[in-house]
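Report on the following structure.
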């Protein structure tokens, strides 16, 4: 993957896993129905999916279910603007971190994935949990700045959604660890290769 014309060096600590995948997290009807800038974010994710497919980069879909988001309901379904191809892996999860209690690690290992480009929802829950979970497991993790969103949780003390998104983008671009990279890039600057 190159970003803004320069090569993003994959430095994953996972041996023999030089490949990149686009990880699309929880863009489900009940999750993003009233999310911040929903339509623009979904459109950006759609652009990323098409670019990844055109470049032969794997697209891995993650779908959440729990007591408030029942499997099989309309709210649980992915938004219609983002149709998954049958050949693309779908990982079902019940926790914020997409790796917890799922087969995501096995899915990524099978195709030598060591670098994740992450998009989806919700920024202050499943996105944050997953980017941190991936990083501590040895993955390089690039968050797409304008391709993740959240709902307004300010009535429970959270900052407004635009501030949550801005803060997550800010701190993730400076996140570091031995032998791994973290980064933030806008949709227009992502080039899968």
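Residue numbers (the UniProt record's numbering): 1 to 193. Cβ atoms here follow ideal geometry from the backbone N, Cα and C, with glycine treated the same way. Here the structure is a predicted model, which means the values were calculated and not measured.
**Asked** Just checking my contact of residue 30 with residue 69 at CB under 8 Å: how many whole Å lie between their CB atoms?
**Response** As a working mapping, residue 30 is identified with position 30 in the chain shown. As a working mapping, residue 69 is identified with position 69 in the chain shown. Between residue 69 and residue 30 the Cβ distance is about 6 Å, and since that is below 8 Å, they are a contact.
**Prompt:** Straight-line CA distance for residue 53 to residue 33?
**Reply:** Mapped onto the chain shown, residue 53 falls at position 53. Mapped onto the chain shown, residue 33 falls at position 33. Going from the Cα of residue 53 to the Cα of residue 33 covers about 26 Å.
**Request:** Can you grab the Cα-Cα spacing for the pair residue 181 / residue 47, in whole Å?
**Result:** Locating residue 181 in the chain shown gives position 181, where the first residue counts as 1. Locating residue 47 in the chain shown gives position 47, where the first residue counts as 1. If I take the Cα positions, the gap works out to 24 Å.
**Message:** Can you look up residue 152 in the DSSP assignment and give me helix, strand or coil?
**Reply:** Here residue 152 refers to the residue found at position 152 of the chain shown. In this structure, residue 152 counts as coil in the three-state DSSP scheme.
**Prompt:** Would you say residue 146 and residue 191 are within 7 Å of each other, going by their C-beta atoms?
**Reply:** In the chain shown, residue 146 corresponds to position 146, counting from 1. In the chain shown, residue 191 corresponds to position 191, counting from 1. Their beta carbons are not under 7 Å apart, which means residue 146 does not touch residue 191 by this criterion.
**Prompt:** So is residue 93 buried or exposed if we call it buried at 16+ other beta carbons inside 10 Å?
**Reply:** Reading the chain shown from its first residue, position 93 is the one you call residue 93. By the neighbour-count rule (16 or more Cβ atoms within 10 Å), residue 93 is buried.
**Asked** So the alpha helix (DSSP H) residue 128 belongs to, where does it begin and stop?
**Response** Position 128 of the chain shown holds residue 128. That run of the alpha helix (DSSP H) goes 128-136.
**Asked** Do you know whose CA, among 49, 67, 107, lies nearest residue 85's CA?
**Response** For the purposes of this step, residue 85 is taken as residue 85 along the chain shown, with counting starting at 1. Residue 85 has its Cα closest to that of 49, out of 49, 67, 107.
**Asked** Hey, how far is the Cα of residue 149 from the Cα of residue 25?
**Response** As a first step, residue 149 must be located in the chain shown, where it is residue number 149. As a first step, residue 25 must be located in the chain shown, where it is residue number 25. Cα to Cα, the separation comes out at about 11 Å.
**Request:** Tell me whether the beta-carbon of residue 101 lies closer than 7 Å to the beta-carbon of residue 14.
**Result:** Position 101 of the chain shown holds residue 101. Position 14 of the chain shown holds residue 14. No, these two residues do not count as a Cβ contact at 7 Å.
**Prompt:** In the DSSP assignment, what are the bridge partners of residue 119?
**Reply:** For the purposes of this step, residue 119 is identified with residue 119 of the chain shown, where counting begins at 1. According to DSSP, which records beta bridges pairwise, residue 119 is partnered with 24.
**Request:** Give a yes or no on contact between the stretch 117-125 and the stretch 150-158, applying the rule of three or more CB pairs nearer than 8 Å.
**Result:** yes
**Asked** Using DSSP with H/G/I as helix, E/B as strand and the rest coil, what is residue 110?
**Response** Start at 1 with the first residue of the chain shown, and residue 110 comes out as number 110. Helix at residue 110.
**Item:** Residues that residue 181 bridges to, as DSSP identifies them
**Value:** In the chain shown, residue 181 corresponds to position 181, counting from 1. Answer by DSSP bridge pairing, in chain order: 176.
**Item:** Beta-carbon gap between residue 79 and residue 27 smaller than 7 Å
**Value:** Locating residue 79 in the chain shown gives position 79, counting from the first residue. Locating residue 27 in the chain shown gives position 27, counting from the first residue. Going by C-beta atoms, residue 79 is nearer than 7 Å to residue 27.
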